[in-house]
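Single-structure report; data block below.
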Amino acid sequence: MLAYIVRRLAVAIPTILILVVISFVLMYAAPGGPFNSERPVPPEVMANLEAKYGLDQPMWRQMVTYVWDVVTRFDFGPSFQYTDRTVNDVIAQGFPVTLTYGMWSAVVAMVVGVSLGVAAAVRQNSVLDYMAVGITIGAQALPNFVMAPILVLIFTLWLGWLPGGGWNGGQWEYVIMPVIALSTSYMASIARITRSSMLEVLNSNFIRTARAKGLPMRRVILRHALKPALLPVLSYLGPAMVGMITGSVVVDIIFSTGGIGQFFVNSAFNRDYAVIMGITLLVGVLTISFNLIVDILYAWIDPKIRY
Amino acid sequence: MTFHSKLLATTAAAMLAMSGVAFADNHAMTGPNGEALAETQEFTYRVLDEHSSTDPGLVEDVSGSEIVRDLFEGLYNQDKQGNLAPGVAVSHEVSDDGLTYTFTLRDDAKWSNGDTVTAGDFVYAWRRAASPELASPYSWYLGLMSVENIDAVIAGEAEPETLGVTAIDDTTLEVTLSEPLPYFPQMVTHSTTFPVHQPTVEEHGDQWTHPENIVSNGAYVLTEHVPQERSVREKNDMYWDAENTIIETVTALVINDENQALTRFLADELDRTEIPAGQFPRLNEEYPEATVVAPRLCSYYYMFNLREDAPDWLKDDRVRKALSLAVDREIITENVTAGGQIPAYNFTPGATAGFEVPDIEMASMAQQERNARAQELMAEAGYGEDDTLSVEILYNSSDAHRSIAVAISQMWKQTLGVEAELANQEWNTYLEARSNGDFEIARGGWCGDYNEASTFLDLMDSESGYNDSKYVNPQVDQLLAEAKTAEDPTENYMQVEQAIAEDQPIMPIYHYVVNYMMDPALVPSWPLGNVQQNWYSKDLYFVADE
Chain A
0 MLAYIVRRLA VAIPTILILV VISFVLMYAA PGGPFNSERP VPPEVMANLE AKYGLDQPMW
60 RQMVTYVWDV VTRFDFGPSF QYTDRTVNDV IAQGFPVTLT YGMWSAVVAM VVGVSLGVAA
120 AVRQNSVLDY MAVGITIGAQ ALPNFVMAPI LVLIFTLWLG WLPGGGWNGG QWEYVIMPVI
180 ALSTSYMASI ARITRSSMLE VLNSNFIRTA RAKGLPMRRV ILRHALKPAL LPVLSYLGPA
240 MVGMITGSVV VDIIFSTGGI GQFFVNSAFN RDYAVIMGIT LLVGVLTISF NLIVDILYAW
300 IDPKIRY
Chain B
0 MTFHSKLLAT TAAAMLAMSG VAFADNHAMT GPNGEALAET QEFTYRVLDE HSSTDPGLVE
60 DVSGSEIVRD LFEGLYNQDK QGNLAPGVAV SHEVSDDGLT YTFTLRDDAK WSNGDTVTAG
120 DFVYAWRRAA SPELASPYSW YLGLMSVENI DAVIAGEAEP ETLGVTAIDD TTLEVTLSEP
180 LPYFPQMVTH STTFPVHQPT VEEHGDQWTH PENIVSNGAY VLTEHVPQER SVREKNDMYW
240 DAENTIIETV TALVINDENQ ALTRFLADEL DRTEIPAGQF PRLNEEYPEA TVVAPRLCSY
300 YYMFNLREDA PDWLKDDRVR KALSLAVDRE IITENVTAGG QIPAYNFTPG ATAGFEVPDI
360 EMASMAQQER NARAQELMAE AGYGEDDTLS VEILYNSSDA HRSIAVAISQ MWKQTLGVEA
420 ELANQEWNTY LEARSNGDFE IARGGWCGDY NEASTFLDLM DSESGYNDSK YVNPQVDQLL
480 AEAKTAEDPT ENYMQVEQAI AEDQPIMPIY HYVVNYMMDP ALVPSWPLGN VQQNWYSKDL
540 YFVADE
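These protein sequences, in sequence, are chains A and B.
Residues in the first sequence are numbered consecutively from 0, following numbering that gives the first Met the number 0.
Residues in the second sequence are numbered consecutively from 0, following numbering that gives the first Met the number 0.
The following block contains the structure:
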């Protein structure tokens with residue numbers, strides 16, 4: 000197992016380097032630059048700016064310097080757009096916001112999704128099942144850029160219960176709507192996956208055996224059926240977790256949370272190269288880590304899997 | 000302040016009035032014109048995007064400048080009408096040759112840490128803004144001001160110490176220009192010219208503008224800044240005119256989505272937000288007291304690509320003129336933008352100080368006449384039913400720009416049979432295409448940097464870096480050069496406008512206005528008469544409900 004983890008980590012390093020190279024190339028291929036504006040700056044000033052941020056160097060050298068600074072000093076460089084911030088500052092400020100509402104969304108999506116899925120499977124073809132299927136299809140079909148403004152209309156403008164946006168250090172009333180908007184479609188997917196895999200498991204021989212032994216239904220489901228039924232959910236959860244904790248652009252923009260998703264999109268528009276790279280790397284590292292965690296969990300849940 | 004708190008405020012104001020108390024907290028109970036004031040004086044407004052910086056030397060965007068004008072104070076401020084008002088300087092003198100300006104500074108101006116603001120602080124700030132080390136994207140502004148030696152300093156060919164700005168003593172600042180500039184005093188209201196506190200900048204480097212480090216000399220101090228979320232500034236008790244500063248706290252909230260901002264305004268979370276395009280008529284009917292319109296020094300136009308390698312039809316001024324004539328500006332301002340915008344037949348907005356709109360022939364025609372004339376011109380140029388013209392309109396992706404382009408393409412098709420294709424590009428790509436001449440017709444928008452016609456018309460100079468049409472007319476170049484030093488340049492500007500109308504390198508469409516949703520209690524103090532929309536929180540206040 001340990002050898003497996005070491006091997007996976009060893010593969011991760013070249014993966015990240017390839018990510019750096021591709022991002023660099025794509026970023027520089029996009030027209031315009033970080034200092035483009037409607038009022039083009041005079042050539043002398045442009046030269047000063049490029050010298051200040053090292054953009055006058057050839058691309059391979061910029062890449063090498065970048066990787067070197069990251070590896071040796073954990074320095075992701077300065078933001079080109081927000082001159083008094085470094086990329087480390089930007090991530091240190093935006094990531095905790097996203098992490099907070101992302102983790103809550105993951106918890107909500109998992110708890111509600113799995114419960115709904117299990118309930119629907121156990122009472123297959125009942126009213127409860129039809130309702131659960133109906134809700135999940137609806138929730139999956141409703142995009143969050145539609146749902147988020149509707150939530151604000153209802154809870155802020157009409158009922159006056161919750162603030163319409165902002166973060167305010169993460170007070171609970173500012174977290175609720177982002178979590179609902181972000182978790183709903185994940186919740187629906189989890190419920191649907193759980194339902195179908197639970198149905199499959201419930202029809203398998205070992206469950207029939209368990210029931211034949213006269214075990215109570217509750218025990219059959221919680222003790223025997225749930226664990227194998229969650230395997231497909233788990234493989235879905237790896238990328239979904241990354242999606243949730245690196246945030247959603249829509250949630251960040253509609254609720255003005257100041258999360259990392261907003262920085263990511265704005266940095267792409269502004270050609271803020273260092274911020275683009277920093278967040279890309281963050282998402283890359285998280286994706287690799289979560290996939291690894293999911294694979295390890297797999298082995299733990301399913302004794303048939305051996306690495 | 001919200002509508003709810005205003006109700007409380009009224010009650011409180013009534014109670015205080017009965018007990019004869021003249022001050023609440025530490026601000027006056029009445030406004031400058033004797034108005035009764037609301038008790039809570041907190042201003043919260045929406046900004047579209049995170050500001051670029053709060054460093055006066057670096058700031059380049061509108062929302063950043065708004066914050067910088069509150070945190071720092073330059074030589075002069077602007078009043079409600081946009082006229083010069085004393086800032087750190089109380090007066091100035093000009094030498095006979097118009098090349099030397101001597102400013103007298105007040106001796107009671109303080110930094111927020113108690114230090115006195117001196118002429119040396121300005122010298123340090125200007126040298127810093129010009130220096131290649133800072134590489135300010137706005138150093139060109141000092142070039143626009145014709146400060147002596149500025150170009151050499153920016154290019155790194157001369158030391159910043161050679162810049163034409165000197166502290167004679169602590170309260171006397173002397174500025175030397177390379178050429179006389181009649182509107183120079185107006186230009187020192189701009190944030191690039193504001194002083195910075197040398198010890199703070201040197202101690203904290205790039206991070207000196209963080210709330211925990213910053214030392215500023217304006218009416219407010221920065222107390223909180225969460226990038227992409229909020230920026231809060233509070234009244235600065237060290238400010239020389241703190242006694243007359245009424246608003247206690249100003250909060251800028253970053254809200255990217257304008258419709259979300261509108262919802263939050265209606266939920267009383269904001270005191271000011273922009274009206275989303277096209278929604279003005281509805282909101283004005285529903286909330287007449289909260290909708291605000293005022294002219295702005297900005298023009299919306301289409302430019303034609305006049306470069307050598309551009310398609311031939313672009314070089315035919317009959318075609319350009321016909322295309323311009325066939326655009327019914329009134330339909331655009333009344334039905335498309337629908338926010339009180341002003342149809343434009345010339346480039347410089349009529350609201351610009353000292354500018355007289357010349358009699359442009361097209362402006363006085365009825366649209367039917369224009370259309371008829373446009374058809375004649377197209378026929379003269381050889382286009383007809385058998386030979387239709389196809390053009391491409393380039394604009395940066397935005398619903399508002401698309402609606403205008405769709406309307407214009409319809410007008411061209413109906414009147415002239417011209418087929419227009421719409422091409423939209425993301426902002427940076429679009430800027431690149433425009434400056435590389437990779438377009439036929441492109442949208443343009445321009446806002447004045449200062450309140451004088453040259454801030455617009457200089458774009459038509461063949462040497463201007465912003466002349467994306469690459470329009471070359473030696474007569475225009477000469478008129479503009481003369482205007483720089485003329486006692487009264489009005490006549491020159493009128494002639495340049497006539498030349499533009501004749502040659503149509505650009506096609507003016509409308510002059511912008513500001514469209515705000517604003518707390519009605521704030522409206523009386525808002526500087527609607529300042530066409531640059533430069534507002535200072537220190538001059539704002541919320542009146543009490545009647």
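Glycine residues also receive a C-beta, built at the ideal position from the N, C-alpha and C atoms.
Here the structure is a predicted model, which means the values were calculated and not measured.
Can you say whether residue i is buried or exposed, counting buried as having 16 or more other CB atoms within 10 angstroms of its CB?
{"i": "I12 of chain A", "result": "exposed"}
{"i": "Y129 of chain A", "result": "exposed"}
{"i": "Q474 of chain B", "result": "exposed"}
{"i": "S397 of chain B", "result": "exposed"}
{"i": "M58 of chain A", "result": "exposed"}
{"i": "Q367 of chain B", "result": "exposed"}
{"i": "F205 of chain A", "result": "exposed"}
{"i": "I153 of chain B", "result": "buried"}
{"i": "E49 of chain B", "result": "buried"}
{"i": "W166 of chain A", "result": "buried"}
{"i": "N534 of chain B", "result": "According to the sequence as given, residue 534 of chain B is Trp; it is not Asn. Buried: at least 16 other Cβ atoms inside 10 Å."}
{"i": "M216 of chain A", "result": "exposed"}
{"i": "I252 of chain A", "result": "buried"}
{"i": "S94 of chain B", "result": "exposed"}
{"i": "M176 of chain A", "result": "buried"}
{"i": "T170 of chain B", "result": "buried"}
{"i": "P159 of chain B", "result": "buried"}
{"i": "D24 of chain B", "result": "Legend: pLDDT at D24 of chain B = 49, less than 50; position of this residue unreliable, no value from coordinates given."}
{"i": "I278 of chain A", "result": "buried"}
Would you please state the rounded distance, in angstroms, between the beta carbons of residue i and residue j? I believe it to be under 8 Å.
{"i": "F154 of chain A", "j": "Q227 of chain B", "result": "No, F154 of chain A and Q227 of chain B are not in contact; Cβ-Cβ is about 22 Å, not under 8 Å."}
{"i": "V335 of chain B", "j": "S402 of chain B", "result": "5 Å"}
{"i": "E288 of chain B", "j": "P519 of chain B", "result": "4 Å"}
Please go through the same chain and pick out, in chain order, the residues whose beta-carbon is closer than 7 Å to the beta-carbon of residue i, but skip the five residues on each side of it.
{"i": "A378 of chain B", "result": "none"}
{"i": "S64 of chain B", "result": "V58 and S190"}
{"i": "Y219 of chain B", "result": "D69, L70, R232, E233, K234, N235, V249 and S536"}
{"i": "W411 of chain B", "result": "L322, A325, V417 and A419"}
{"i": "L98 of chain B", "result": "T175, L176 and P179"}
What's the gap between the Cα of residue i and the Cα of residue j?
{"i": "T290 of chain B", "j": "E173 of chain B", "result": "44 Å"}
{"i": "L296 of chain A", "j": "I440 of chain B", "result": "59 Å"}
{"i": "I274 of chain B", "j": "P342 of chain B", "result": "19 Å"}
{"i": "D308 of chain B", "j": "K320 of chain B", "result": "20 Å"}
{"i": "V178 of chain A", "j": "R229 of chain B", "result": "21 Å"}
{"i": "T115 of chain B", "j": "Y449 of chain B", "result": "29 Å"}
{"i": "G155 of chain B", "j": "E147 of chain B", "result": "14 Å"}
{"i": "V20 of chain B", "j": "Y540 of chain B", "result": "For V20 of chain B, the predicted structure reports a pLDDT of 36, less than 50, and the residue's modelled location is therefore unreliable. A value from the coordinates is still provided. Their Cα atoms are separated by approximately 19 Å."}
{"i": "H196 of chain B", "j": "E43 of chain A", "result": "26 Å"}
{"i": "L141 of chain A", "j": "H203 of chain B", "result": "49 Å"}
{"i": "E329 of chain B", "j": "R442 of chain B", "result": "18 Å"}
{"i": "E550 of chain B", "j": "T188 of chain B", "result": "Lying before the first or after the last residue shown, residue 550 of chain B is absent from chain B, which here runs from 0 to 545."}
{"i": "F94 of chain A", "j": "V66 of chain A", "result": "21 Å"}
{"i": "W239 of chain B", "j": "D107 of chain B", "result": "6 Å"}
{"i": "Y123 of chain B", "j": "T454 of chain B", "result": "27 Å"}
{"i": "I246 of chain B", "j": "S524 of chain B", "result": "11 Å"}
Which residues does DSSP pair with residue i in a beta bridge?
{"i": "L421 of chain B", "result": "B:I392"}
{"i": "R442 of chain B", "result": "B:Y301"}
{"i": "T191 of chain B", "result": "Answer is none; T191 of chain B lacks a bridge partner."}
{"i": "H203 of chain B", "result": "Answer by DSSP bridge pairing: none, since H203 of chain B is not bridged."}
{"i": "S90 of chain B", "result": "B:T103"}
{"i": "V233 of chain B", "result": "Inspection of the sequence shows that residue 233 of chain B is occupied by Glu rather than by Val. B:V220 and B:T248."}
{"i": "V152 of chain B", "result": "Paired residue(s): none; V152 of chain B is not in a bridge."}
Residues in the same chain with beta-carbon distance under 8 Å from residue i, minus the five sequence neighbours each way, listed in chain order, please.
{"i": "M243 of chain A", "result": "G101, M102, S104, A105, A108, L181, S182 and Y185"}
{"i": "L376 of chain B", "result": "R317, V318, K320, A321 and L324"}
{"i": "V69 of chain A", "result": "F75 and L280"}
With hydrogens ignored, establish whether the beta-carbon of residue i is closer than 6 Å to any heavy atom of the ligand ATP.
{"i": "S203 of chain A", "result": "Among the ligands in the structure shown, none appear at all, so the ligand ATP cannot be discussed."}
What does a CB cutoff of less than 6 Å around residue i pick up in its chain, not counting 5 residues either side in sequence?
{"i": "D120 of chain B", "result": "P194"}
{"i": "H224 of chain B", "result": "P210 and S230"}
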